[in-house]
Every structure is written in structure tokens, then in C-alpha cells.
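In what follows, a structure is listed as C-alpha cells, so that the remarks can point back to it.
Protein chains: 2
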Amino acid sequence: MMIELDLQSEIPIYTQLMDQIIEGIASGRLEPGESLPSVRSLASDIGINLHTVNKAYTLLKQEGFIQIHRKKGVIVVQKEEMPQLTEQYLAKLSQQLRPVIAESLCRGLSQEQLTEIITRLYNDIQSQNKE
Amino acid sequence: MMIELDLQSEIPIYTQLMDQIIEGIASGRLEPGESLPSVRSLASDIGINLHTVNKAYTLLKQEGFIQIHRKKGVIVVQKEEMPQLTEQYLAKLSQQLRPVIAESLCRGLSQEQLTEIITRLYNDIQSQNKE
DNA sequence: ACATCTGTTATATATATAATATAACAGATG
DNA sequence: CATCTGTTATATTATATATATAACAGATGT
Chain A
1 MMIELDLQSE
11 IPIYTQLMDQ
21 IIEGIASGRL
31 EPGESLPSVR
41 SLASDIGINL
51 HTVNKAYTLL
61 KQEGFIQIHR
71 KKGVIVVQKE
81 EMPQLTEQYL
91 AKLSQQLRPV
101 IAESLCRGLS
111 QEQLTEIITR
121 LYNDIQSQNK
131 E
Chain B
132 MMIELDLQSE
142 IPIYTQLMDQ
152 IIEGIASGRL
162 EPGESLPSVR
172 SLASDIGINL
182 HTVNKAYTLL
192 KQEGFIQIHR
202 KKGVIVVQKE
212 EMPQLTEQYL
222 AKLSQQLRPV
232 IAESLCRGLS
242 QEQLTEIITR
252 LYNDIQSQNK
262 E
């Protein structure tokens with residue numbers, strides 16, 4: 001999978017990495033059971049340190065999106081093992097969205113406009129092709 | 132306005148302050164033209180440093196939500212002066228929402244469920260009473 | 001067997017951010 | 001004229017980010 005980083009962004013590299021892998025899974029570009037590159041090869045490919053990749057992988061493992069086996073290496077979890085819609089997650093989701101929505105409200109974005117943006121993003125992510 | 136901070140949160144205090152003031156404006160608890168406490172009194176009230184409040188105020192001023200006059204002090208901008216729906220802001224909004232939506236998609240949240248959550252938050256924020 | 005690749009762990013360093021502390025300045029207030 | 005205001009400067013502490021180098025133990029391929 002193609003990884004694009006902005007090294008000048010205020011968003012940490014390991015966060016950008018996590019975001020892109022999660023979006024890869026969401027879009028289907030990364031399928032359940034699919035292998036991810038080793039920490040060393042991915043770090044080398046995109047020109048960053050091994051530990052930065054390792055941090056992203058470790059957090060993705062903690063959140064349940066990937067598994068790391070001695071034998072199989074780093075793989076995307078199976079569909080049945082994918083993180084679920086827990087109460088805890090829904091609370092986190094609302095907490096993440098709240099300030100974003102508040103600002104858009106201040107700027108006069110209507111509920112319909114906001115819903116349209118969300119819908120467009122949802123479909124954009126879902127309909128991405130491979131590569 | 133009541134300010135509630137979580138000093139143990141990984142979200143910086145100045146960010147929590149900004150978020151709460153913006154949500155105050157979005158809800159109408161803070162009206163255009165209304166005064167905000169001085170950096171020293173607010174810092175003293177909530178038990179944090181003056182510079183932390185000052186950082187939040189300075190950033191809110193830069194983004195256009197408040198004004199700081201020698202005479203009037205710190206006030207919420209008038210409705211006509213409120214930050215607008217610029218292309219730049221809409222791009223930032225999509226960038227903020229994208230990874231959040233991607234994760235919810237991985238966890239099996241439907242577009243309808245997501246829209247419902249957004250709508251609930253939008254209305255929650257809008258319908259908050261004073262105090 | 002042996003070299004190689006794997007995730008993992010440990011240390012160290014440099015840089016940036018966050019938060020606090022203390023001090024001072026200049027404009028405005030009463 | 002004392003007091004409060006935002007603002008600026010400087011310093012310190014703690015934490016987060018990213019890198020660098022090294023080592024360990026399990027697994028792989030020849």
C-alpha cells in the first residue's frame with residue numbers, strides 16, 4: 001500500500017501512519033489477513049526510523065486492528081476479530097467530534113451541509129481503489 | 132461561563148479551554164459582544180497559569196472568535212465578524228473528520244448511524260442552556 | 001549449522017511542545 | 001496614583017516526538 005507522509009505536518013508521523021493504515025482497512029485496500037511490511041522495511045521505504053513504525057504498529061495492535069505473530073508477521077485482523085462498536089468507542093467518537101462540530105456551528109454550517117460533508121467523506125473512503 | 136478541565140487528559144489544557152469557549156459560542160451561552168474574564172482572573176479561578184489562558188485567548192483571537200481591546204477587554208466577536216465558511220476551513224474540516232470516519236467505518240458503523248450521532252451532537256450543542 | 005530477517009527491548013540524544021514561575025512594560029480605570 | 005489590563009521576555013520542568021545504535025530470541029531459507 002502506498003503511504004504518503006507530510007514530515008512538516010504538526011500531526012506526528014506515527015499518527016499519520018496509523019491513520020493511513022486504518023483508512024486502508026476501511027476502504028478495503030488492506031484486506032483482512034493481508035500482510036503489512038516489517039517495521040524495518042517500511043521504515044526504510046519511507047525514510048523514517050524503525051521505532052516510529054514500531055510505535056504505530058504497537059498502537060494498532062493494542063487497538064485491535066492488526067496482529068503480530070512470530071510466524072505470520074504483521075497482518076490485518078480477520079473480519080470477525082475487527083474492533084467492534086463498543087460503548088467506550090462511541091463515547092470516544094463523540095468526544096472527538098464534539099469540538100469539530102462546535103466550530104463548524106459557529107461558522108454557520110447547517111446540519112444539512114455537515115451531513116453532506118460526512119456522507120461524502122464516508123463514501124470517498126469506502127470507494128477508494130487499490131494502489 | 133463554567134469551565135471544566137481534565138488536567139489528566141492528553142488533550143492540552145489550552146486546547147480544552149479553546150474548545151469550551153468555542154462550544155460556548157456555538158451554543159449561545161456566550162453571546163456576541165459578551166466579555167470574557169481577564170487572563171489572570173480566569174487562570175486564578177480554574178487554578179492554572181496565566182500563560183496557559185493567554186495562549187488559548189491568543190489563538191482564539193488569531194482564528195477570529197474573540198477580540199482584545201485595551202478598553203473593552205476580551206470580548207466575543209460580533210455575529211457579522213464571526214469566522215466564515217472559507218474554502219480553507221472546509222479543507223481543514225475534512226482533514227479532521229477523515230481519520231475519525233475511517234475508524235468508525237472499520238468498526239462497522241453505518242452511514243445512517245454516523246449521521247444520527249452527528250445530528251445528535253449538533254443539536255445537543257445548539258440546545259445547551261445557560262449555566 | 002549458519003546467516004538473515006523478524007518483533008521487541010533497552011539506552012541515549014536532540015528537538016519541540018506544554019505548563020509553570022517570575023518579572024517587567026505600557027495603556028486604561030477608578 | 002495605585003490597580004488591573006494584555007503583552008512580552010526569560011527561565012525551568014516535564015513530556016512527547018523522532019532518531020540512533022545495540023542487543024536478544026524466535027523463525028526462515030539455504
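Listed in order, the protein sequences are those of chains A and B. Read in order, the letters of the first sequence correspond to residues 1 to 131 in our numbering. Read in order, the letters of the second sequence correspond to residues 132 to 262 in our numbering. For every residue, glycine included, the Cβ atom is placed at its ideal position computed from N, Cα and C. A quick note: this is a predicted structure, and the numbers were derived from the prediction, not measured.
As assigned by DSSP and simplified to three states, the class of residue i
i      : result
A:G24  : helix
B:Q259 : coil
B:I129 : Absent from the structure is residue 129 of chain B, since the part of chain B shown begins at 132 and ends at 262.
A:Q88  : helix
B:Q263 : Residue 263 of chain B is absent from the structure shown; chain B starts at 132 and stops at 262.
B:V231 : helix
Closest by C-alpha distance to residue i, when choosing among the options
i      : options                        : result
A:I125 : A:L109, A:R29, A:H69           : A:R29
B:N180 : B:L236, B:L148, B:A233         : B:L148
B:I150 : A:S110, A:S127, A:N123, A:C106 : Residue identity check: residue 150 of chain B is Asp in the sequence provided, not Ile. Ranking A:S110, A:S127, A:N123, A:C106 by Cα distance to B:D150 puts A:C106 first.
B:P163 : B:P214, B:L190, B:N185         : B:P214
B:I248 : A:L36, A:G108, A:E87           : A:E87
A:R70  : A:I13, A:S35, A:A43            : A:S35
B:S174 : B:K192, B:I144, B:K203         : The sequence given here has Ala at residue 174 of chain B, not Ser. Residue B:I144 is the option with its Cα nearest to B:A174.
Within 7 Å, strictly: CB atoms of residue i and residue j
i      : j      : result
A:L121 : B:L228 : yes
B:E154 : A:A102 : yes
B:I199 : B:V207 : no
B:S258 : B:L245 : no
Cα-Cα separation between residue i and residue j, rounded to whole angstroms
i      : j      : result
B:M133 : B:V170 : 15 Å
B:K186 : B:E194 : 12 Å
A:G73  : A:S41  : 13 Å
B:S225 : A:L109 : 13 Å
B:E135 : A:D45  : 45 Å
B:I156 : B:Y188 : 14 Å
B:P168 : A:I21  : 44 Å
A:L60  : B:K210 : 43 Å
A:P99  : B:P230 : 15 Å
A:D6   : B:T146 : 23 Å
B:T250 : A:G47  : 42 Å
B:N99  : A:E81  : Examination of residue 99 of chain B is not possible in this model, given that chain B is present from 132 through 262 alone.
A:Q111 : A:A91  : 21 Å
A:S27  : B:T183 : 40 Å
- Message: I'd like the ranges of any alpha helix (DSSP H) spanning at least 4 consecutive residues and lying wholly in the stretch 144-194 of chain B.
- Response: 144-158, 170-177, 181-194
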